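Numbering (the working numbering), first residue to last: 3 to 390. First the structure, in the form of structure tokens, and then the observations on it.
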């Protein structure tokens with residue numbers, strides 16, 4: 003039987019509507035209406051607890067659509083015309099079940115829960131990336147054949163592996179937004195990017211391939227780590243990267259010219275300037291070899307590795323100088339940084355005295371290695387005293 007037959011519509015309105023109104027007044031219930039973009043199509047009254055009476059009001063010759071009006075634990079089927087979307091408004095309902103009046107629809111997921119899961123996934127991927135970097139560079143040392151080559155590789159691998167280890171801890175503890183870790187992310191990303199073009203420095207194909215893959219992962223993961231440190235895990239902070247770089251450059255030179263606080267800050271400043279000088283010499287070798295065109299890919303790759311290694315060392319000693327100015331050398335990050343710089347400087351000194359004889363570089367590296375090892379031991383002892 004069609005609901006919208008004219009005669010049936012009139013009879014239905016005359017018989018049911020007064021009864022529904024009488025019940026509404028006697029039972030203390032209220033009435034509500036469902037409206038669409040085309041106007042009101044259905045009226046319903048809450049006549050009894052848990053019951054819903056539905057009354058059609060107008061005729062529409064368009065295609066009918068079936069919708070459900072849910073009330074409490076019972077449902078009544080209402081046929082309305084082109085409800086897009088179906089919305090219900092109620093005035094006042096005197097029992098608890100009336101609060102559950104709604105139309106059937108797919109439930110919306112909680113936005114906060116979705117963002118929490120997304121942030122957890124980002125943190126996990128970034129941490130895994132730092133672990134892959136540390137393991138990848140460390141494995142290269144194991145593939146070295148002679149002890150001289152091992153020292154050469156260790157001088158290149160121990161620093162990025164150590165920095166990746168430090169950044170993994172920073173990501174785990176939500177510290178990537180600190181200037182220290184943003185600086186380390188930039189330096190390590192720079193190392194990975196230029197290191198990818200230096201993979202031909204290794205004769206063994208397996209080392210060359212592993213170096214290239216690790217350098218690529220390093221570049222991608224450090225860009226992500228820097229971005230999350232800049233804009234937060236939710237990427238919601240409005241930060242201009244250009245102004246961030248400009249402020250970082252100003253801070254760098256301000257830290258260099260800051261008055262010397264003590265002998266530790268002076269030692270790190272000297273180490274930063276010496277590694278900076280060695281870095282410029284290595285960069286000139288890279289440029290000269292690139293324009294000469296006769297040095298070969300292997301020799302050019304070694305020049306690039308020498309340059310990016312010294313770049314990392316100068317960045318780390320600058321970071322230690324900044325920590326010394328702020329009395330932060332007893333922090334775990336800076337103790338580990340001292341140890342990694344000491345190890346890398348030792349291997350660099352051995353390399354300078356043997357494979358590529360350079361007495362000046364060897365002596366500088368030896369002095370810096372001893373200085374950083376001493377400060378690491380002093381910081382560890384001081385931290386133990388403070389903990390007691």
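Even for Gly, the Cβ is constructed at its ideal location relative to N, Cα and C. Since this is a predicted model, take the numbers as computed values, not measurements.
In three-state terms, what does DSSP make of residue i?
| i | result |
| --- | --- |
| residue 175 | coil |
| residue 46 | Note that residue 46 scores 44 on pLDDT, short of 50, meaning its location in the model is unreliable and no value can be drawn from it. |
| residue 360 | coil |
| residue 378 | helix |
| residue 206 | coil |
| residue 64 | With a pLDDT of 43 at residue 64, under the threshold of 50, the modelled position of that residue is not reliable, and the figure given next carries that caveat. Coil at residue 64, not helix or strand. |
| residue 240 | coil |
| residue 160 | helix |
| residue 404 | Examination of residue 404 is not possible in this model, given that the chain is present from 3 through 390 alone. |
| residue 135 | helix |
| residue 390 | coil |
| residue 264 | coil |
| residue 170 | helix |
| residue 272 | helix |
| residue 1 | Not covered by the structure: residue 1. The range shown for the chain is 3 to 390. |
| residue 142 | helix |
| residue 229 | helix |
| residue 372 | helix |
| residue 214 | helix |
| residue 234 | coil |
| residue 305 | helix |
| residue 223 | helix |
| residue 384 | helix |
Are the CB atoms of residue j and residue i within a distance shorter than 8 Å?
| i | j | result |
| --- | --- | --- |
| residue 200 | residue 306 | yes |
| residue 323 | residue 368 | no |
| residue 191 | residue 224 | yes |
| residue 365 | residue 235 | no |
| residue 326 | residue 270 | yes |
| residue 186 | residue 165 | yes |
| residue 250 | residue 221 | no |
| residue 348 | residue 384 | no |
| residue 346 | residue 308 | no |
| residue 131 | residue 215 | no |
| residue 341 | residue 389 | no |
For residue i, I'd like the list of residues in its chain whose CB is within less than 7 Å of its CB, leaving aside the five on either flank, ordered along the chain.
| i | result |
| --- | --- |
| residue 133 | 170 |
| residue 183 | 169, 172, 177, 231 |
| residue 140 | 159, 163 |
| residue 128 | 173, 223, 226, 227, 230 |
| residue 292 | 302 |
| residue 330 | 336 |
| residue 118 | none |
| residue 281 | 309, 312, 313, 316 |
| residue 351 | 364, 367, 368, 371 |
Might you give, ordered along the chain, the residues of its own chain that have their beta carbon closer than 8 Å to the beta carbon of residue i, omitting 5 neighbours on each side?
| i | result |
| --- | --- |
| residue 303 | 199, 200, 201, 202, 203, 204 |
| residue 242 | none |
Using a Cβ-Cβ cutoff of less than 6 Å, which residues in the same chain neighbour residue i once the five nearest sequence positions on both sides are dropped?
| i | result |
| --- | --- |
| residue 278 | 316 |
| residue 257 | 324 |
| residue 268 | 262 |
| residue 381 | 331, 332, 337 |
Which stretch, first to last residue, makes up the alpha helix (DSSP H) that contains residue i?
| i | result |
| --- | --- |
| residue 353 | 334 to 355 |
| residue 189 | 181 to 198 |
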